[in-house]
Each structure stands twice: as C-alpha cells, then as structure tokens.
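In the working numbering, the protein residues as written are 1 to 396. Ideal Cβ positions, reconstructed from N, Cα and C, are used throughout, including at glycine.
The following block contains the structure:
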C-alpha cells in the first residue's frame, strides 16, 4: 500500500478494507477510530480539498462522548471548559456542564498523522465522480475498491426536506488586550430577533483569541455573510474589545429537520455517515456526538457487517434518540413566528443542568421530555401551524 500522507497518484485501481469519501468530521473520526481500534486495517481517505476538516470549530458536551471513545478522540481536543453561560433578555445563567472544542487545524494534523501509521492512503485535492457499494470512481477515471465504502460528503437532499435552517458566520479574532472571558457564551440572545431565533456564540481560546459567531434558526437557508459579519463586528465593539487581527472566518448552513422518517439501511458495501446519513442532533446542529458514536460502532464490526442488521439496530437507536429533538424543531418552526422563537429557547434554558446535558447528548428520558413541555405554552406560540419554510437557497 502507498504510505499515508505521501499524496502521490495511486495505481489505476487501488483496494482497501475501508474507502472513506469525505475528509470532514465524520470521515476523519472514522479514520482515527479505525486506526486506534483496528490498526492493521487498510484505509483510503479521499478529500476534495487540500486538507482534512475544512475550516471549522466543532464543540461537544463532555457527556456526549463515551469514555471508550475519548481514548482515541482526546488528541483532537484543543480547549476544554467546566461550563458555559447563556444570556436572554430576562436572565443570565451558568450551565455547569463540561464543554470542549476541536479545531479543523488540529483535526487535520492528528488524523493525517494517524492514517500514516498503518496501511492505506490519504488522497487530498481529489474529485470523486461516483460513490457506489464497494467502489468509488474518481473524476480522472481511476477507481478505488473497498470491502466497505463510506459516503461522508455532507448533507443529502433528504436532510433538507421538512426542515428549518441553522446558519452562521463567525470571526476568530486576536484582541489587543485580554478579552476577559473565562468560559464560553453559548448564547447571547439579547439582540435583534429578525430572521428567526438569533444569538451570538462566543468561544474564548486563550487570553487574546476568541471566536464570535452570529447564529440564527431561520425559515430558509439564504445567508447574507456581509450582514452577519457586520453584526459580529458590532458585538465585538460593544464588548469593548479592540481587534488586532482577524485570523479566520467560518460560515455554514445546516438543516434542522422535523421529519421523523428513518433513512433505512444502506446498500451492502456502502455506509452513509455524518450529515449525509443523518448522524447529527436535529435541534442543535451538533454533529460530533452522533458521528463519534457511529465511528466507534464501526470499529466493533467487520466491514461486511457494517451495512447489515447491526447497522439497522444502530440507526433505529439514533432515530429514537432524535425523535424528541425533531418534535421540538416542528414546534419551533411551525408554531412560532421567527421573532417569537426566542421565548421557546429561553424557557428551555431555565431547566436543570442535568436535563440540558441529556438533551445535548440525545439521552432525554420520558420524564425529561415531560418537563420540557409541561406548563403554559411559551409566549408567541401559535395554535395553528405556519406554512412550511422555503427550500434551501444558494448562500450569498
């Protein structure tokens, strides 16, 4: 096999135990987990860009990931905090639940090195033409064969039906003086609520480095990057921070589906992972926990078993875990006007820390669900559903 990290042209046909298409979060996590748990397995990881992970920061709550998975995930963690704050017009609180962050830079470094420790190839800057059970054809005519092919190229069209949208633009900046934040500000929802529930998401990395992100839960996927960027800059100015430089900008549009349909088992030899397979939290957009769960499960079965009955059981469990979150999305987007959605979220974050932790970890109990919905409806909730949100539009 060609050594990983060499970035050379493979033979006309190359074979491996696992061929992973897409070097984003899911594909990278699968490669890392397999290298840790099945070091002799051969891997081919294909990524269209020149590096893995794109340009993102992924966060997760401590309880989102099992201790077993943390054994191989921990090298990716760049920052950890003991809790975070949320701020609404009526109140502010600290949620004492551990929170961690992984950067795309760290993910690229760690996963590329891990792939290089065993048989396989890391192929970056490569376009894929078709992905099918057991075989991947590249745009230049070459083909790759795998006992298992994983399609982890991002959200599919199915995920975009019956959905609202989470969209965001963030600036990671260096401040001239220490910014003073000691823990993340998960939501600052004190600003305008135009275009849906809208808040600032703020992550402190070191004394003078911070990510400030304008986020909203919107009816459509149109993203005005210039407007969102200006809003971030105004928030930074109001915080009293003088920016020395902008180190990077990130943006994205994620589906928030309310459909409860089960995508079903994948074809033998082809597994859909990450957003493409629905492995994310529908009500938050957090994908790391479900992606880790799938990656860790993949190490417990053979490539041939990964698209059989065992996968059906894992999928059914994920559908069960996400059902209440999808119901929340339906209420948020169909029963509340855009500028009234804040009241539903403000009420939720008054719940106990343990309930919030279980919500993010997709481990809500029946009692938890009852505690979320019991009581008078939040202000601004309709009795009749609104029309469905518009389909996704091209981002600006």
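Which residues DSSP lists as bridging residue 61, in chain order: Counting from 1 along the chain shown, the entry for residue 61 is found at position 61. Answer is 99.
- request: Find the nearest neighbour of residue 208 within the set 186, 181 and 369, judged by alpha-carbon distance.
  value: By 1-based counting over the chain shown, the position of residue 208 is 208. Of the candidates 186, 181 and 369, the one whose C-alpha sits nearest the C-alpha of residue 208 is 181.
query: Where do the ends of the alpha helix (DSSP H) carrying residue 360 lie?
result: Here residue 360 refers to the residue found at position 360 when the chain shown is read from its first residue. That run of the alpha helix (DSSP H) goes 353 to 360.
query: Where does residue 372 fall in DSSP's three states?
result: Here residue 372 refers to the residue found at position 372 when the chain shown is read from its first residue. Of the three classes helix, strand and coil, the one that applies to residue 372 here is helix, per DSSP.
message: Taking a contact to mean a Cβ-Cβ separation below 8 Å, would you say residue 170 touches residue 104 in this structure?
response: The residue given as residue 170 occupies position 170 in the chain shown. The residue given as residue 104 occupies position 104 in the chain shown. Not a contact, by the Cβ cut-off of 8 Å.
8 Å Cβ cutoff, residue 207 in contact with chain D: The structure shown contains no chain D; it holds only a single protein chain.
message: If you reduce the DSSP assignment to three classes, tell me which class residue 318 lands in.
response: Indexing the chain shown from 1 puts residue 318 at position 318. It is helical.
message: In whole angstroms, give me the CA-to-CA distance for residue 378 and residue 333.
response: Position 378 of the chain shown holds residue 378. Position 333 of the chain shown holds residue 333. Cα to Cα, residue 378 sits roughly 14 Å from residue 333.
message: Could you give the first and the last residue of the continuous alpha helix (DSSP H) run that contains residue 348?
response: Residue 348 sits at position 348 when you count from the first residue of the chain shown. Run containing residue 348: 341 to 348, per the alpha helix (DSSP H) assignment.
query: Could you give the distance in angstroms between the alpha-carbon of residue 341 and the alpha-carbon of residue 134?
result: For the purposes of this step, residue 341 is identified with residue 341 of the chain shown, where counting begins at 1. For the purposes of this step, residue 134 is identified with residue 134 of the chain shown, where counting begins at 1. Using only the alpha carbons, I get a separation of about 45 Å.
message: Our contact map puts residue 273 next to residue 294 with C-beta atoms below 8 Å; I'd like the distance itself, whole angstroms only.
response: Within the chain shown, the letter at position 273 stands for residue 273. Within the chain shown, the letter at position 294 stands for residue 294. Rounded, the Cβ-Cβ distance is 6 Å, consistent with contact.
- prompt: Quick one: Cα of residue 192 to Cα of residue 198, how far?
  reply: Counted from its first residue, the chain shown places residue 192 at position 192. Counted from its first residue, the chain shown places residue 198 at position 198. Their Cα atoms are separated by approximately 7 Å.
- request: Given a cut-off of 8 Å, decide if residue 223 and residue 200 are closer than it, judged by their beta-carbon atoms.
  value: As a first step, residue 200 must be located in the chain shown, where it is residue number 200. As a first step, residue 223 must be located in the chain shown, where it is residue number 223. No, these two residues do not count as a Cβ contact at 8 Å.
query: Three-state secondary structure (DSSP) at residue 5?
result: Here residue 5 refers to the residue found at position 5 of the chain shown. With a pLDDT of 48 at residue 5, under the threshold of 50, the modelled position of that residue is not reliable, and no figure is offered here.
query: Name the DSSP bridge partner or partners of residue 81?
result: Here residue 81 refers to the residue found at position 81 when the chain shown is read from its first residue. DSSP output for residue 81 lists 99 as bridge partner(s).
Chain-order list of residues whose beta-carbon lies under 8 Å from that of residue 68 (same chain, five-residue window excluded): What you label residue 68 is simply residue 68 of the chain shown in a count that begins at 1. Result list for residue 68: 296, in chain order.
field: Beta-carbon contacts of residue 412 that lie in its chain and below 7 Å, excluding the five residues immediately before and after
entry: What is shown of the chain runs 1 to 396, which leaves residue 412 out entirely.
query: Are there three or more Cβ pairs, one per stretch, closer than 8 Å when the segment 135 to 144 is compared with the segment 205 to 221?
result: no
- prompt: How would you label residue 365, buried or exposed, when you count the other beta carbons within 10 angstroms and need 16 or more for buried?
  reply: Start at 1 with the first residue of the chain shown, and residue 365 comes out as number 365. Residue 365 should be labelled exposed.
message: Quick check on residue 119: does DSSP put it in helix, strand or coil?
response: Here the question's residue 119 lines up with position 119 in the chain shown. In this structure, residue 119 counts as coil in the three-state DSSP scheme.
message: If contact is defined by three or more beta carbon pairs under 8 Å, each pair taking one atom from either stretch, is the segment 38 to 55 in contact with the segment 74 to 92?
response: no
task: Would you decide whether residue 18 is buried or exposed? Buried here means 16 or more other CB atoms lie within 10 Å of its CB.
output: As a position in the chain shown, residue 18 is number 18, starting the count at 1. Classification for residue 18: buried.
message: Can you give me the C-alpha to C-alpha distance between residue 385 and residue 149, rounded to a whole angstrom?
response: By 1-based counting over the chain shown, the position of residue 385 is 385. By 1-based counting over the chain shown, the position of residue 149 is 149. Cα to Cα, the separation comes out at about 41 Å.
Residue 216 and residue 89 closer than 8 Å at C-beta: Position 216 of the chain shown holds residue 216. Position 89 of the chain shown holds residue 89. No. Outside cutoff.
message: Tell me which residues share the same chain as residue 268 and place their Cβ nearer than 7 Å to its Cβ, disregarding the 5 neighbours each side in the sequence.
response: Reading the chain shown from its first residue, position 268 is the one you call residue 268. Excluding positions up to five away in sequence, the list reads 133 and 307.
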